[in-house]
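Student:
In our numbering, the protein residues as written are 120 to 269.
1) Am I right that residue 219 and residue 139 are in contact with their C-beta atoms under 8 Å? What's the rounded C-beta distance?
2) How would you write the range of the alpha helix (DSSP H) that residue 170 sits in, first residue to last?
3) Hey, would you say residue 223 sits closer than 8 Å to residue 137, going by beta carbons?
4) Identify whether residue 185 lies in helix, strand or coil by the three-state DSSP scheme.
5) What would DSSP say about residue 222, mapped onto helix, strand or coil?
6) CB residue 134 to CB residue 225, shorter than 8 Å?
7) Return the first residue and the last residue of the alpha helix (DSSP H) that residue 123 is part of.
8) Which residue comes first and which comes last in the alpha helix (DSSP H) that contains residue 147?
9) Taking DSSP as the reference, what is the three-state secondary structure of residue 265?
10) Could you tell me how far apart the beta carbons of residue 162 and residue 148 are, in whole angstroms, since I believe they sit closer than 8 Å?
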């Protein structure tokens, strides 16, 4: 129960941070991405405000075996640069640039962006549902080795 409380607390703080920072405002996010146009550098402070505390948290966690709630902290996984990661990164970045939202802020914005926010969430969920079938289709052709990112 304590774990669920802290998960809800962390999620609430994350959502509040997205709202306060303007990350749910698609115009602000697109302004950040428009480096050669009407660039809005204010989201750099949001990134700095996220990166600095996480860097400190990672340093602290690196020397611990258990979390504050007593659960084991898993060893960091070794990530390799593969076609799945590259393709996913390109699609994520293109979607973020076109729409001005990524999945976390999209959930927070779905309540304030009206029907466009709901359409984005539905499209995102549809893509998540379609992905396993697409992977099976590509795997059956033998043209690519498309494996899970997990």
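From the three backbone atoms N, C-alpha and C, an ideal C-beta is built for every residue, glycine too.
Predicted, not measured: the structure shown is a model, and the values here were computed from it.
Tutor: Looking at the atomic coordinates:
1) In fact, because the Cβ distance is near 17 Å, the residues do not count as touching under 8 Å.
2) Segment 162-181, the alpha helix (DSSP H) holding residue 170.
3) Yes.
4) In the three-state DSSP reduction, residue 185 falls in the strand class (E or B).
5) Three-state DSSP puts residue 222 in a helix.
6) Contact: no.
7) 121-140 is the extent of the alpha helix (DSSP H) around residue 123.
8) Note, residue 147: alpha helix (DSSP H), 145-152.
9) Unreliable placement is indicated for residue 265, whose pLDDT of 49 sits below 50; the coordinate value is still reported in the next sentence. Looking at residue 265 - three-state DSSP - the assignment turns out to be coil, as it is neither helix nor strand.
10) Between residue 162 and residue 148, the beta carbon gap of about 7 Å places them in contact (Cβ cut-off 8 Å).
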